[in-house]
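Inspection log for the structure reproduced underneath, given as structure tokens.
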Amino acid sequence: MVDYDPWLGNPVGVVEHNKFTSIKDSESSATIFNGPLHLPKDRQCRVYDITGRVVTPDKMRPGVYFVEIDGKITKKVVKIG
């Protein structure tokens, strides 16, 4: 904050309020993999690309995906090759 000085007229400045919410590392991290994505066979699994489209795990190209297991998004995964 700028101190008021009568020679400056109205002070100019920005008051900063630090509003930062931290995220636990385990919540923000992604699984990085190369090769096929192995999903549990005994549960209902879906894989979504970054645009929200459902993709089949064997047709995944390098990119960012989200894995849904039993109706809940559980993990962000990144395919690198």
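Numbering (this note's numbering) for the sequence shown: -13 to 67.
Ideal Cβ positions, reconstructed from N, Cα and C, are used throughout, including at glycine.
For clarity, every value in this text was computed on a predicted model and none was experimentally measured.
Buried or exposed (CB count within 10 angstroms, at least 16 for buried), residue i
{"i": "Val33", "result": "buried"}
Terminal residues of the beta strand (DSSP E) in which residue i lies
{"i": "Lys62", "result": "Lys58 to Lys65"}
Beta-carbon gap between residue i and residue j smaller than 7 angstroms
{"i": "Lys61", "j": "Val53", "result": "yes"}
{"i": "Cys31", "j": "Leu23", "result": "no"}
{"i": "Pro48", "j": "Lys27", "result": "no"}
Where residue i sits in the DSSP three-state scheme
{"i": "Glu54", "result": "strand"}
{"i": "Asp44", "result": "helix"}
{"i": "Arg29", "result": "coil"}
{"i": "Gly49", "result": "strand"}
{"i": "Thr7", "result": "Note on Thr7: pLDDT 49, under 50, position unreliable in the model; the coordinate value appears next. Looking at Thr7 - three-state DSSP - the assignment turns out to be coil, as it is neither helix nor strand."}
Residue(s) in a DSSP beta bridge with residue i
{"i": "Thr37", "result": "Partner(s): none; Thr37 has no beta bridge."}
Interface flag, residue i vs chain B, CB-CB below 7 angstroms
{"i": "Tyr34", "result": "Although the question refers to chain B, the structure presented lacks it and comprises just one protein chain."}
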